[in-house]
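A.B. asks:
In our numbering, the protein residues as written are 3 to 74.
1. Leaving out the 5 sequence neighbours to the left and right, which residues in its chain are closer than 6 Å to residue 45 when beta-carbon positions are compared?
2. To which residues of the same chain is residue 50 closer than 8 Å at the C-beta, ignoring the five residues directly before and after it?
3. When the Cα atoms are used, what is the spatial distance from residue 56 to residue 27?
4. By DSSP, does residue 65 sit in helix, in strand, or in coil?
5. Using CA coordinates, which residue listed in 16, 30, 38 is at the minimum distance from residue 47?
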């Protein structure tokens, strides 16, 4: 029974997450030749303050990006 765990930065809509599940499932079905019913998918969302590249969180990058753009 394959288990796919997708860990995403939070902020996606429930519909967006729901549309991801069959895409992931189909990829595993095609790649491994397993029945669709055997594929399990777990989607976890992390807050932007809990996801970092290097030592900078996504939230910090977004804030820095907004400041770099300047006033609208």
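Glycine included, every Cβ here is placed at the ideal spot set by N, Cα and C.
C.D. replies: Reading off the structure:
1. 8, 19
2. 11, 12, 13, 59, 60, 61, 64
3. 31 Å
4. helix
5. 16
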